[in-house]
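According to the numbering used here, the first sequence is numbered sequentially starting from -4.
Glycine included, every Cβ here is placed at the ideal spot set by N, Cα and C.
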Amino acid sequence: MNFVLSARRPFNLSVVVNSHGWVQLAPFSHDKESDGFDYLMELSSGQVIDLRVRPADGGDVQMETTAALNPAEAEELIGRVTWMLGLDQDLTPFYDLARAEPKLASMAEQGRGRILRSATLFEDAVKTLCTVNTSWAGTKRMVRGLVKGYGAEHAHAPGQRAFPTAARLAAASEQDLRANAKLGFRAPFVLGLAQAVAVGDLDLEALKESTAPTLEVRKQLLAIKGIGDYAAANLLMILGRYDFIPVDSWALKVVSKEWHDGQPIGRAEVEAAFAPWGAWKGLAYWFWNYA
DNA sequence: GGTAGACCTGGACGC
DNA sequence: GCGTCCAGGTCTACC
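If you want it as structure tokens, here you go:
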């Protein structure tokens, strides 16, 4: 089945795909030739589908799957891909601010500003936990282990697996997660998150549509064991809320080099450097790194 | 509120 | 090949 999705302009699929390292994490697969991606997705019906996302004529997005979908499944797929690519995001206020900063002045012209998301916030939360206190290679290894060990398999493509649902991960033991996915001390965090989502104690997906103040959403995220300041800010960015900067060791290096002559700095200095961007400071920081 | 130490793994490095 | 050190955020205990 083929679909063409339209995006609020400006939009550039290549820029979204390369907005951060998410496309390198299973079950994403980067198609470097087109700068699109392939992805395995488990729908609510339980069907695991293959997905090809490529640029379409006129700046739209072409989406293709070999699966046969009923109307409800097709609607779910379109909704999820719309979320993953932020097709309906309006970044006009940010672009207006960015025009005054030479380093980010061409954001609108280049269609930059959206950040690639996974199909569910649960998947992004688990992936964020896998970025904590480890190298990028470690993150890729852990996520690969989770998909391989616990993801549902495509019916017609043995070995091709979707990211595991909360229910699938909740059924695992902490010891298994340590052994199979090499999660280390993150295992109880991932298991606790999966169990809370699986039994309905935590509705992460509802945060996508929440109109609650960012501080309240941040508070909910910080209540999750394993989610600290950095991880919460990262998830807020994915939710389209840019009031906080995900301050990690890289952020400290960038701001130290550019604003403080390489001298040791702390979180406060990073916040201060991007304070003029107000509610958009997280996004300004993010693309400062990709400028 | 601030700080120190533990958590876990892989990579870099020295021998 | 082996052992040691280090990087990377968060939690917990303690002050």
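Contacts around residue i, its chain only, beta-carbon distance under 7 Å, and the 5 residues preceding and following it disregarded
| i | result |
| --- | --- |
| Phe(-2) | Met58, Ile73 |
| Glu169 | Ala182, Pro183, Leu186 |
| Arg136 | Lys177 |
Under the three-state DSSP convention, the category residue i falls into
| i | result |
| --- | --- |
| Pro50 | strand |
| Asp256 | coil |
| Gln84 | coil |
| Asp198 | coil |
| Ser24 | strand |
| Val242 | coil |
| Val43 | strand |
| Glu71 | helix |
| Glu148 | strand |
| Leu230 | helix |
| Met102 | coil |
| Tyr90 | helix |
| Val76 | helix |
| Pro5 | coil |
| Gly235 | coil |
| Ala62 | coil |
Boundaries (first-last residue) of the alpha helix (DSSP H) holding residue i
| i | result |
| --- | --- |
| Phe180 | Here Phe180 belongs to no alpha helix (DSSP H), and DSSP marks it neither H nor E. |
| Gln215 | 209 to 217 |
| Asn13 | It is not in any alpha helix (DSSP H) - Asn13 carries neither H nor E in the DSSP assignment. |
| Val142 | 131 to 145 |
| Glu266 | 262 to 269 |
| Lys220 | Here Lys220 belongs to no alpha helix (DSSP H), and DSSP marks it neither H nor E. |
| Glu204 | Counting along the chain, Glu204 falls outside any alpha helix (DSSP H), and DSSP gives it neither H nor E. |
| Tyr280 | 276 to 284 |
| Glu96 | Neither: Glu96 is in no alpha helix (DSSP H) and is coded neither H nor E. |
| Val121 | 116 to 124 |
| Glu169 | 169 to 176 |
| Arg112 | Taken as a continuous stretch (DSSP letters only), Arg112 belongs to no alpha helix (DSSP H), as it is neither H nor E. |
| Leu164 | 161 to 165 |
Assumed close pair residue i, residue j - CB separation to whole angstroms, cut-off 8 Å
| i | j | result |
| --- | --- | --- |
| Gln256 | Val242 | According to the sequence provided, residue 256 is Asp. The question's Gln does not apply to it. About 19 Å separates the two Cβ atoms, so there is no contact after all. |
| Ala263 | Leu99 | In fact, because the Cβ distance is near 23 Å, the residues do not count as touching under 8 Å. |
| Arg112 | Asp119 | 6 Å |
| Arg236 | Ala227 | Not quite, the Cβ-Cβ distance comes to about 10 Å (not below 8 Å), so this is no contact. |
| Asp91 | Arg3 | The pair is not a contact, with the Cβ atoms about 15 Å apart (cut-off 8 Å). |
| Tyr34 | Pro22 | 6 Å |
| Val56 | Leu124 | Going by Cβ atoms, the distance from Val56 to Leu124 rounds to 29 Å, so no, they are not a contact pair. |
| Glu200 | Leu116 | 6 Å |
| Arg163 | Ala114 | Not confirmed; about 14 Å, so no contact. |
| Glu71 | Ser39 | 6 Å |
| Gly221 | Val127 | 7 Å |
Contacts around residue i, its chain only, beta-carbon distance under 6 Å, and the 5 residues preceding and following it disregarded
| i | result |
| --- | --- |
| Ala165 | Ala189, Gln190, Ala193 |
| His25 | Val18, Phe32 |
| Ala62 | Ile44 |
| Val48 | Gly31, Phe32, Met58 |
Cβ-based neighbour list, residue i, same chain, cut-off 8 Å, excluding 5 preceding and 5 following
| i | result |
| --- | --- |
| Asp198 | Val192 |
| Asp171 | Gly144 |
| Asp30 | Leu8, Ser9, Val12, Asn13, Pro50 |
Counted within 10 angstroms of its Cβ, other Cβ atoms place residue i as buried (16 or more) or exposed
| i | result |
| --- | --- |
| Ser14 | buried |
| Asn284 | exposed |
| Lys122 | buried |
| Lys276 | buried |
| Pro159 | buried |
| Leu46 | buried |
| His151 | exposed |
| Thr60 | buried |
| Asp238 | buried |
| Ala268 | buried |
| Glu253 | exposed |
| Phe282 | buried |
| Ala207 | exposed |
| Leu210 | exposed |
| Met79 | buried |
| Trp272 | buried |
| Ala93 | buried |
| Phe180 | exposed |
Where the beta strand (DSSP E) containing residue i begins and where it ends
| i | result |
| --- | --- |
| Asn(-3) | -3 to 0 |
| Glu59 | 56 to 59 |
| Leu35 | 31 to 37 |
| Arg156 | 152 to 156 |
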